[in-house]
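Heads up: the structure comes next, in structure tokens.
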Amino acid sequence: MIETARLVLRPWRDDDRAAFAAINADPRVHDWLGGPISPAATFAMMERIGAAIARDGFGFWAAEHRADGRLAGMIGLSRVAVGDLPVGPCVEIGWRLHPDFWGQGLASEGARAALDWGFGSAGLGEILAFTAETNLASQAVMRRIGMTPDPSRDFDHPRLAPDHPLRRHVVWTSKGQA
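Quick note: the sequence shown, position 56, residue 56 per the numbering used here, numbers continuous.
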């Protein structure tokens with residue numbers, strides 16, 4: 001568990017299912033992710049994330065808002081295997097928040113804590129972030145948490161059609177202290 005001033009990053013619980021399904025069904029959330037995700041796909045995602053946390057000691061944790069205990073979304077680290085994406089193998093940092101929590105600095109706060117945890121507790125040497133080239137809000141979070149662009153690793157997302165507006169992805173990186 002990771003605690004910040006306003007968030008708790010923790011493993012997923014059964015009582016997170018409905019709230020996370022609502023986040024994943026919100027079209028505003030998925031403007032940058034290719035469209036809403038069904039409840040069944042959300043629950044399968046939660047199972048995969050839980051398995052990753054059990055296996056690796058980290059994953060995309062549930063991000064709980066400390067002030068009211070609501071599920072704000074997910075923030076954390078995830079392994080990208082060889083063959084999953086052109087940048088693999090690597091460890092990715094990512095976030096997904098309910099629109100009620102946008103514009104408050106929570107993504108940056110939680111992502112900074114996850115990045116620090118990854119370099120400290122997990123002993124990672126490098127963490128990547130990637131997003132659609134046009135997703136300037138996520139790139140702003142990457143900048144705020146101290147990541148830098150790495151254009152040599154930018155890629156076309158293989159699961160998106162060649163003419164899809166989100167196909168081109170930019171890569172940002174952060175390196176741990178040696």
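No residue lacks a Cβ here, since even glycine has one placed at the ideal position from N, Cα and C.
Going by Cα to Cα distance, which pick from the options is closest to residue i?
i: residue 30; options: 55, 141, 148, 95; result: 95
i: residue 142; options: 155, 127, 3, 152; result: 127
i: residue 104; options: 119, 87, 72; result: 72
i: residue 90; options: 129, 60, 152, 61; result: 129
i: residue 146; options: 113, 152, 20; result: 113
i: residue 13; options: 36, 74, 28, 38; result: 74
i: residue 139; options: 124, 111, 159, 2; result: 111
i: residue 10; options: 49, 83, 80; result: 49
i: residue 2; options: 122, 144, 171; result: 122
i: residue 124; options: 27, 56, 19; result: 56
i: residue 76; options: 107, 144, 41; result: 107
Please report the distance separating the alpha-carbon of residue i from that of residue j.
i: residue 23; j: residue 97; result: 7 Å
i: residue 167; j: residue 157; result: 5 Å
i: residue 150; j: residue 175; result: 12 Å
i: residue 116; j: residue 25; result: 30 Å
i: residue 52; j: residue 65; result: 23 Å
i: residue 181; j: residue 63; result: The shown model of the chain, from 1 to 178, leaves out residue 181, and the question about it has no answer.
i: residue 45; j: residue 58; result: 15 Å
i: residue 119; j: residue 60; result: 16 Å
i: residue 152; j: residue 68; result: 42 Å
i: residue 37; j: residue 78; result: 19 Å
i: residue 137; j: residue 162; result: 23 Å
i: residue 171; j: residue 15; result: 34 Å
i: residue 47; j: residue 19; result: 15 Å
i: residue 102; j: residue 27; result: 14 Å
i: residue 144; j: residue 41; result: 31 Å
Give the DSSP-derived three-state secondary structure of residue i in the structure shown.
i: residue 2; result: strand
i: residue 167; result: coil
i: residue 16; result: helix
i: residue 183; result: Nothing can be reported for residue 183, as the shown portion of the chain is limited to 1 through 178.
i: residue 10; result: strand
Rounded to the nearest angstrom, how far is the Cβ of residue i from that of residue j, given a contact under 8 Å?
i: residue 109; j: residue 4; result: 5 Å
i: residue 131; j: residue 164; result: With a Cβ gap of about 14 Å, residue 131 and residue 164 do not count as contacting.
i: residue 173; j: residue 148; result: 6 Å
i: residue 43; j: residue 70; result: Not confirmed; about 19 Å, so no contact.
i: residue 86; j: residue 155; result: 4 Å
i: residue 54; j: residue 39; result: About 23 Å separates the two Cβ atoms, so there is no contact after all.
i: residue 83; j: residue 160; result: So it is not a contact: roughly 17 Å between Cβ atoms.
Quick check for students: name the residue ranges of the alpha helix (DSSP H) that lie wholly in the region 26 to 70, counting only runs of 4 or more. 39 to 56
For the region 58 to 140, list the beta strand (DSSP E) runs that are entirely contained and at least 3 residues long, ordered along the chain. 60 to 65, 71 to 80, 90 to 97, 126 to 132
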